[in-house]
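Student: In terms of our numbering, the sequence shown is residues 7 to 174. Built from N, CA and C at the ideal position, the CB exists for glycine as well. I have a structure I would like to understand better, so I am pasting it below and will then ask my questions one at a time.
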Amino acid sequence: MRRIAIYIIAALVVLIAIPVVASLGEYTRAKTALHDDSRFIRELSVIALTADAFGMAEVTDFDWDTLYIFGPYTTWREMEEQVGRAWYESYADYLIRRTPIGRHPVDDDSLQKLVFALDGRVVLDATVRRSIIDFTKLDKTRLSSEEAFFDLQRQNRWTTALRRKTPA
């Protein structure tokens, strides 16, 4: 009887381990290179207070070739379709997205997401308050590093980014 219990426990451990190992593999292939957006957001905040125009390369200290801008209430599915792949900041992020709670990362009017990619792989995923700089009024939501230049328009303590055709 004891031997049967050991076999049952071993089988249960294997049945639990298989999906965990498989999900770790998927997460590892799609995780972002940078996990902390605080430095980027600090730099963006300084630009918002001091500049009239800027290039996104001035704010970033990492390599990227494409910037995706997502407004409030954009779902992960919509973002992944535009970027062309899934990405995760952490294994907890990976697991949370599998639940109904994790389907809407920007579930508030005050939030937007800036996603930086290099060669098709997401480098940084930053959730930025629109009160810092509002990028949601742009005519394009996908910009190459050569196009990511902005004029800043201030009105009633609100800063809005407008796309600039040439470098500042």
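For the candidate residues Thr142, Phe141, Trp82, Ser137, whose alpha-carbon lies nearest to that of Arg163?
Tutor: Within the sequence shown, numbered from 1, the residue matching residue 163 stands at position 157. When each option's Cα is compared against that of Arg163, the closest is Ser137.
Student: Using DSSP with H/G/I as helix, E/B as strand and the rest coil, what is Trp82?
Tutor: Taking the sequence shown and counting its residues from 1, one reaches residue 82 at position 76. In this structure, Trp82 counts as helix in the three-state DSSP scheme.
Student: Based on DSSP bridge pairs, tell me the residues matched to Val121.
Tutor: Stepping through the sequence shown from its first residue, residue 121 is reached at position 115. According to DSSP, Val121 bridges with Tyr74, Asp131.
Student: Excluding the 5 residues flanking Arg83 on each side, which residues of the same chain have their C-beta closer than 6 angstroms to its C-beta?
Tutor: The residue given as residue 83 occupies position 77 in the sequence shown. No residues qualify anywhere along the chain.
Student: Which stretch, first to last residue, makes up the alpha helix (DSSP H) that contains Leu50?
Tutor: Residue numbering aside, residue 50 sits at position 44 when the sequence shown is read from its first letter. From DSSP, the alpha helix (DSSP H) with Leu50 extends over 44-56.
Student: Would you please state the rounded distance, in angstroms, between the beta carbons of Gln118 and Ile75? I believe it to be under 8 angstroms.
Tutor: Residue 118 sits at position 112 when you count from the first residue of the sequence shown. Residue 75 sits at position 69 when you count from the first residue of the sequence shown. Confirmed, Cβ separation roughly 7 angstroms.
Student: With a cut-off of 8 angstroms on the beta carbons, I'd call Phe141 and Ala167 a contact; round off their distance for me.
Tutor: Within the sequence shown, the letter at position 135 stands for residue 141. Within the sequence shown, the letter at position 161 stands for residue 167. Contact flag correct, Cβ pair sits at about 5 angstroms.
Student: From Asp145 to Asp113, what distance separates their C-alpha atoms?
Tutor: Taking the first residue of the sequence shown as position 1, residue 145 is located at position 139. Taking the first residue of the sequence shown as position 1, residue 113 is located at position 107. For Asp145 and Asp113, the distance between alpha carbons rounds to 22 angstroms.
Student: Which value, in whole angstroms, describes the spacing of the CA atoms of Val121 and Asp42?
Tutor: Translated into positions along the sequence shown, residue 121 becomes position 115. Translated into positions along the sequence shown, residue 42 becomes position 36. If you take the alpha carbons of Val121 and Asp42, they lie about 13 angstroms apart.
Student: Pick out whichever of Ser151, Arg48, Gly126, Val89 has its Cα sitting closest to the Cα of Arg135.
Tutor: In the sequence shown, residue 135 corresponds to position 129, counting from 1. The candidate whose alpha carbon is nearest that of Arg135 is Arg48.
Student: How big is the Cα-Cα spacing for Leu101 and Ile10?
Tutor: In the sequence shown, counting from the first residue as 1, residue 101 sits at position 95. In the sequence shown, counting from the first residue as 1, residue 10 sits at position 4. Approximately 33 angstroms between the Cα atoms of the pair.
Student: Which residues in the same chain as Lys143 place their Cβ atom closer than 6 angstroms to its Cβ, once the five residues preceding and following it in sequence are excluded?
Tutor: Here the question's residue 143 lines up with position 137 in the sequence shown. Only Thr166 meet the Cβ criterion.
Student: Among the candidates Arg148, Phe155, Ala154, whose CA atom is the shortest distance from the CA of Met85?
Tutor: As a working mapping, residue 85 is identified with position 79 in the sequence shown. Comparing Cα positions, the closest option is Arg148.
Student: With respect to the alpha helix (DSSP H) encompassing Asp99, which residues constitute its N-terminal and C-terminal limits?
Tutor: As a position in the sequence shown, residue 99 is number 93, starting the count at 1. Looking at the DSSP string, the run of the alpha helix (DSSP H) that includes Asp99 is 97-102.
Student: Looking at the structure shown, is Ala167 part of a helix, part of a strand, or coil, going by DSSP?
Tutor: Numbered from 1 along the sequence shown, position 161 holds the residue referred to as residue 167. In this structure, Ala167 counts as strand in the three-state DSSP scheme.
Student: Taking Gly77 as the reference, give the member of Ala132, Phe156, Glu152 with the closest Cα.
Tutor: As a first step, residue 77 is located in the sequence shown; it is residue number 71 there, counting from the start. Nearest option by C-alpha distance: Ala132.
Student: Excluding the 5 residues preceding and the 5 following Ser116 in the sequence, name in chain order all residues of the same chain whose CB lies nearer than 6 angstroms to its CB.
Tutor: Taking the sequence shown and counting its residues from 1, one reaches residue 116 at position 110. Result list for Ser116: Arg135, Arg136, in chain order.
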